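Engineer:
Number of protein chains: 2
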Amino acid sequence: MVPRHTSKSSAVSGAHATGAALQPEASVYRVALLGFGTVGRSVAKILCERALPSLRLTHIYNRNIERKKIAGLPADICWTENFDEVLGAGVDLVVEVVGGLEPAGQWVRRALEHGKSVVTANKQLIAHRGVELLEVARACGQQLYFGASVAGGIPVLSGLQEGLAGDQLYKVCGILNGTCNYILSQVENAGIPFAVALREAQQAGFAEADPTDDVDGYDARAKLAILAYAGLNTQVQLDQILCRSIREVDAVDFTYAHQVNCTIRQISRAEVHGNQLLAAVQPALVPFESPLARVLGSQNLVVATGQYGAETVFSGYGAGGNPTAVAIVSDLLAIAQRSPARHAGAPTPITARKVSADFTTPHYVRFTVSDRPGIIAALATIFAKHGINIDAIFQKTGFPKDQLAFVITLESCPAAVMNQALAEIEALDFHVRQPLHLPVLR
Amino acid sequence: MVPRHTSKSSAVSGAHATGAALQPEASVYRVALLGFGTVGRSVAKILCERALPSLRLTHIYNRNIERKKIAGLPADICWTENFDEVLGAGVDLVVEVVGGLEPAGQWVRRALEHGKSVVTANKQLIAHRGVELLEVARACGQQLYFGASVAGGIPVLSGLQEGLAGDQLYKVCGILNGTCNYILSQVENAGIPFAVALREAQQAGFAEADPTDDVDGYDARAKLAILAYAGLNTQVQLDQILCRSIREVDAVDFTYAHQVNCTIRQISRAEVHGNQLLAAVQPALVPFESPLARVLGSQNLVVATGQYGAETVFSGYGAGGNPTAVAIVSDLLAIAQRSPARHAGAPTPITARKVSADFTTPHYVRFTVSDRPGIIAALATIFAKHGINIDAIFQKTGFPKDQLAFVITLESCPAAVMNQALAEIEALDFHVRQPLHLPVLR
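Note that the protein sequences, when read in sequence, are chains S and D. Numbering that gives the first Met the number 0 numbers the first residue of the first sequence as 0 and each following residue consecutively. Numbering that gives the first Met the number 0 numbers the first residue of the second sequence as 0 and each following residue consecutively.
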């Protein structure tokens with residue numbers, strides 16, 4: 000499809016009059032907002048409050064738009080519940096904050112095909128169909144930006160793709176889900192069971208009624224896939240990335256983790272090893288001295304590691320209306336400033352790599368057993384058979400004999416080897432609760 | 000002067016052949032390196048190892064170039080000690096890593112006037128003459144990028160100017176000098192006097208033979224001025240920014256700071272208050288829970304605060320050949336990708352603000368006195384007269400009576416008020432060492 004070129008309306012620039020002859024005329028980009036929930040309202044607020052000379056909010060789309068109208072926005076904004084009206088109007092940039100795969104995906108595609116660049120905060124859409132939609136954008140000579148889809152207001156995508164473009168990044172590791180970080184912090188600080196912390200987070204509005212996406216890792220997985228694409232130039236299918244829930248992590252695990260100077264966090268990481276991409280979202284032990292251990296409440300943090308510049312850390316507020324809207328408006332400004340689309344030759348080559356979660360790390364395994372002689376001997380025998388060295392055994396006093404929780408830490412070995420050993424161990428008959436194994440970050 | 004347009008050589012792009020008709024031809028930008036010290040060699044290494052399709056290193060300039068030649072670079076690189084040869088050649092991008100104000104400043108200007116975009120790591124040049132040189136670049140239709148001039152490999156300038164462009168930033172605060180951070184960490188961890196830590200840092204190559212630029216704050220001040228320009232759109236004269244040395248901070252200050260759960264760091268901060276810019280580089284007490292307190296060794300960290308996105312943190316390696324070179328190559332790639340120059344209308348308006356260091360904070364004052372009755376009464380009387388509330392008094396045991404070091408912490412008050420009180424206090428006759436006053440960050 001041949002893109003329809005949308006002419007930008009001209010504005011007179013008063014500044015730097017002497018150099019004006021050498022500068023292209025200033026343009027005002029007309030912006031349509033698809034979706035007027037928390038993030039959409041924040042975007043509208045920033046665009047109207049800041050009165051940025053290159054961006055003008057002209058259209059707001061939502062279902063049942065009459066109920067969404069708010070006061071305080073310019074009177075000439077067109078409120079509509081008809082997407083085609085947005086496509087037909089002289090809109091230059093479309094902001095998609097509807098969420099979900101459809102109809103958002105169709106709308107993004109149609110907007111691009113109608114010659115509009117698109118900014119989206121939709122992590123699921125980009126993680127599932129980003130490569131295809133970027134190809135549509137390229138073919139239509141338009142831009143598709145998605146800086147808000149990972150880590151909200153923290154400019155990590157632009158940091159990886161532009162600020163660190165000179166480096167050869169091979170690893171990204173981060174805390175990408177604020178809800179998990181909040182819940183685990185509560186379990187840690189208040190010493191309460193996971194289920195109680197989850198319920199409290201739901202009551203406080205920090206977790207959804209159905210918390211699956213967050214606590215079982217699917218939200219973070221989508222973000223990790225986008226980071227792997229943007230930072231490691233690797234395309235990953237979402238279901239290739241291991242996702243382990245944080246639901247089994249309990250107060251006792253923090254007690255034991257503290258004994259080895261660690262906390263426990265939901266960690267998303269991806270690492271290039273030749274033709275392979277190691278990638279997983281799972282709870283892990285994190286040493287206190289790591290910046291990952293110090294992420295407060297619902298904040299996010301990403302560590303990017305490169306061949307030349309070593310580690311660079313980005314952190315801040317990963318969610319919420321205003322931080323997400325900052326990322327969206329920054330993307331709008333980037334498109335407005337860089338127009339026409341930048342295509343300095345070929346796009347960055349994207350590699351398809353074999354994906355695995357077989358990280359080599361030390362491990363932490365917490366057993367809950369009905370105590371009797373011979374348990375340690377049985378475990379030690381199986382670990383030895385698989386060539387896994389025991390590092391230490393920790394056992395707090397005060398547990399009932401039929402609910403004894405103790406921990407074995409193990410020296411570094413591949414996750415696959417650990418999983419084999421654990422499969423044998425789980426078949427033993429003294430468990431009263433499934434063992435919980437966690438990798439230890441180093 | 001009318002810029003001479005340099006045509007970029009064409010290269011065939013093999014990728015995405017189906018979309019090729021819609022894309023401009025790929026260009027190779029010819030890069031000249033001015034200066035072949037540590038950073039220059041790292042830039043050359045990255046450009047040659049990564050073989051980026053859009054960048055080709057063609058010229059290396061240095062004085063006494065014969066002594067600088069190294070093996071391993073492509074044979075067709077032109078090594079020269081004649082700057083005019085670089086100007087005359089078909090070079091598109093010039094990297095300036097010579098340092099100092101002149102001849103670097105002249106060379107940057109002449110390169111721009113000859114139609115070459117410039118990437119520089121030269122913080123003094125940008126801090127002193129950045130606005131003027133950016134105007135030259137604009138008039139010549141060229142780009143001047145300086146991402147490497149602040150915080151080395153950490154993409155903080157692009158983060159502020161682009162990643163957070165959607166926000167209205169009003170505050171930047173950071174640790175911008177790795178040498179100071181290293182020395183203060185050593186004083187803290189080893190409990191050694193400042194002079195010993197400085198000497199050790201010099202012997203280890205972490206501090207210059209003349210450490211003035213680092214320990215007295217001039218290096219950080221130049222970086223703070225650039226951050227104020229890039230992040231707060233404020234132009235500052237360097238000598239308007241208060242600079243206080245870290246030389247007076249000693250092991251005893253860490254002992255007292257720890258009692259109020261703080262460490263001491265060289266802090267650079269700038270904050271917009273209406274028409275005023277508060278700005279200073281000085282040692283300050285930093286609460287342990289602040290990310291600023293956890294910057295290790297020679298690392299750097301910047302916290303940017305905006306009206307919408309709240310705090311965003313950038314950290315990593317702020318100096319060294321490779322990290323600085325990453326920032327330079329990232330800038331080269333940005334120019335190559337965004338060419339022709341992006342000028343979406345008027346440049347961001349830069350505001351001239353009244354500059355002051357009159358931050359309102361709690362204060363820490365360490366006195367070293369020859370003890371006698373009435374000292375606390377005298378101090379308390381003066382503080383009370385200026386309306387300053389005493390928060391607490393700390394006095395460790397074990398000091399000789401004629402060299403007694405004790406600390407008074409004071410509730411929040413403007414620095415100007417504190418300075419008036421201290422001027423009166425310094426005139427009292429019991430001091431055996433000048434009192435040391437430090438603001439306390441909150």
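For every residue, glycine included, the Cβ atom is placed at its ideal position computed from N, Cα and C. All figures in this text were calculated on a predicted structure; none of them were measured in a lab.
By how many angstroms is the C-alpha of S/N418 removed from the C-alpha of S/I69?
Structural biologist: So the alpha carbons of these two residues sit roughly 55 Å apart.
Engineer: With a 10 Å radius around its C-beta and 16 neighbouring C-beta atoms as the bar for buried, classify S/I392 as buried or exposed.
Structural biologist: Result: exposed.
Engineer: Out of S/Y307, S/N321 and S/V301, which one is the CA nearest neighbour of D/V312?
Structural biologist: Nearest of S/Y307, S/N321 and S/V301 to D/V312, Cα basis: S/V301.
Engineer: Could you give the uninterrupted runs of the beta strand (DSSP E) lying entirely in the segment 159-216 of chain D, keeping only those of 3 residues or more?
Structural biologist: Correct list: 168-174.
Engineer: Enumerate in chain order the residues of its own chain whose CB-to-CB distance from S/C172 is below 6 Å, with the five nearest sequence positions on each side excluded.
Structural biologist: Result list for S/C172: R268 and V302, in chain order.
Engineer: Does D/G71 come within less than 7 Å of chain S when only Cβ atoms are used?
Structural biologist: Closer than 7 Å: no.
Engineer: Checking 7 Å against the spacing of the C-beta atoms, do S/A221 and S/V235 come in under that value?
Structural biologist: Going by C-beta atoms, S/A221 is not nearer than 7 Å to S/V235.
Engineer: Between S/Q141 and S/G114, which are expected to be in contact by the criterion C-beta below 8 Å, what is the C-beta distance as a whole number of angstroms?
Structural biologist: Rounded, the Cβ-Cβ distance is 7 Å, consistent with contact.
Engineer: Give the interface partners of D/Y316 over in chain S, defined as CB-CB distance under 7 Å, in chain order.
Structural biologist: Per Cβ cutoff of 7 Å: G308 and A309.
Engineer: Step through the CB atoms of chain D and report whether any lies within less than 7 Å of the CB of S/E187.
Structural biologist: No, S/E187 lies away from the interface with chain D (no Cβ there is under 7 Å from its Cβ).
Engineer: Who are the neighbours of D/L277 on chain S, taking C-beta pairs under 7 Å?
Structural biologist: Result: empty, since nearest Cβ-Cβ is about 22 Å, beyond 7 Å.
Engineer: Output, in chain order, the set of chain S residues within a Cβ distance shorter than 7 Å of D/I45.
Structural biologist: Result: G165 and Y307.
Engineer: Could you give the distance in angstroms between the alpha-carbon of D/H257 and the alpha-carbon of D/L440?
Structural biologist: Between D/H257 and D/L440, the C-alpha separation is close to 14 Å.
Engineer: Quick one, are the C-beta atoms of S/V30 and S/L54 less than 7 Å apart?
Structural biologist: A contact, by the Cβ cut-off of 7 Å.
Engineer: What residues of chain S sit near D/E101, judged by a beta carbon separation below 7 Å?
Structural biologist: Within 7 Å Cβ-Cβ: nothing; D/E101 doesn't reach chain S, min ~25 Å.
Engineer: Which same chain residues end up closer than 8 Å to D/Q239 when comparing Cβ atoms and leaving out the 5 residues on each side of it in sequence?
Structural biologist: Cβ within range, chain order: A278 and V354.
Engineer: Taking the alpha carbon of S/I153 as the point to measure from, which residue in D/A333, D/G151, D/D166 and D/L183 has its own alpha carbon closest?
Structural biologist: Nearest of D/A333, D/G151, D/D166 and D/L183 to S/I153, Cα basis: D/D166.
Engineer: Taking 7 Å as the cut-off, decide whether the C-beta atoms of S/V328 and S/H436 are in contact.
Structural biologist: No, Cβ-Cβ distance for S/V328 and S/H436 is not below 7 Å.
Engineer: At what residues does the beta strand (DSSP E) containing D/D390 begin and finish?
Structural biologist: From DSSP, the beta strand (DSSP E) with D/D390 extends over I389 to F393.
Engineer: Tell me which residues share the same chain as S/F398 and place their Cβ nearer than 7 Å to its Cβ, disregarding the 5 neighbours each side in the sequence.
Structural biologist: For S/F398, where only same-chain residues beyond five positions count, the Cβ hits under 7 Å are A404.
Engineer: Give the interface partners of S/G152 over in chain D, defined as CB-CB distance under 7 Å, in chain order.
Structural biologist: Correct list: G308 and T311.
Engineer: Report back the beta-carbon spacing between S/L33 and S/W106 to the nearest angstrom; my notes put them in contact at under 8 Å.
Structural biologist: Sure, about 6 Å apart at Cβ, within 8 Å.
Engineer: Compare the Cα-Cα distances from S/L286 to each of S/Y217, S/A351 and S/V259 and report the closest residue.
Structural biologist: The question names Leu, but residue 286 of chain S is Pro in the sequence shown. With distances taken between Cα atoms, S/P286 lies closest to S/V259.
Engineer: Curious, which full-length alpha helix (DSSP H) runs of at least 4 residues does the segment 361-405 of chain D contain?
Structural biologist: Counting whole runs of 4 or more residues, the segment 361-405 of chain D contains the alpha helix (DSSP H) stretches 374-384.
Engineer: Determine the direct distance from the alpha carbon of D/T408 to that of D/H430, and round the result to whole angstroms.
Structural biologist: Cα to Cα, the separation comes out at about 18 Å.
Engineer: Do you know offhand how far D/N121's Cα is from D/A426's?
Structural biologist: Taking the straight line from one Cα to the other gives about 42 Å.
Engineer: Taking D/H385 as the reference, which of D/K400, D/S411 and D/A200 has the closest Cα?
Structural biologist: Of the listed residues, the one whose Cα sits closest to D/H385 is D/S411.
Engineer: Quick check: the segment 320-334 of chain D against the segment 153-164 of chain S, are there 3 or more CB pairs under 8 Å?
Structural biologist: Because the criterion of three Cβ pairs below 8 Å is met, the segment 320-334 of chain D and the segment 153-164 of chain S touch.
Engineer: With 7 Å as the threshold, decide whether the Cβ of D/S157 is near any Cβ in chain S.
Structural biologist: Chain S, which has a Cβ nearer than 7 Å to the Cβ of D/S157, makes this yes.
Engineer: Round the Cβ separation of S/T233 and S/I349 to the nearest angstrom and send it over; I've been treating them as touching at under 8 Å.
Structural biologist: The Cβ separation is near 7 Å, so the contact holds.
Engineer: Looking at the unbroken alpha helix (DSSP H) that takes in S/Q419, where does it start and where does it end?
Structural biologist: Where S/Q419 is concerned, the enclosing alpha helix (DSSP H) stretches over A414 to E425.
Engineer: Excluding the five sequence neighbours on either side, which residues of its own chain have a C-beta within less than 7 Å of the C-beta of S/I389, listed in chain order?
Structural biologist: Closer than 7 Å at the Cβ level, and outside the excluded window around S/I389, lie A379, F382, I407 and L409.
Engineer: Give the interface partners of D/P322 over in chain S, defined as CB-CB distance under 8 Å, in chain order.
Structural biologist: What D/P322 touches in chain S: Y307, G308 and A309.
Engineer: Beta-carbon within less than 6 Å of D/S41's beta-carbon, same chain only, minus the 5 sequence neighbours each way: which residues are those?
Structural biologist: Correct list, in chain order: G320, N321 and A324.
Engineer: Do S/L175 and S/A227 have their CB atoms nearer than 7 Å?
Structural biologist: Not in contact: S/L175 and S/A227 (Cβ atoms no closer than 7 Å).
Engineer: Give a yes or no on whether 7 Å exceeds the smallest Cβ distance from D/E112 to chain S.
Structural biologist: No, no contact with chain S.
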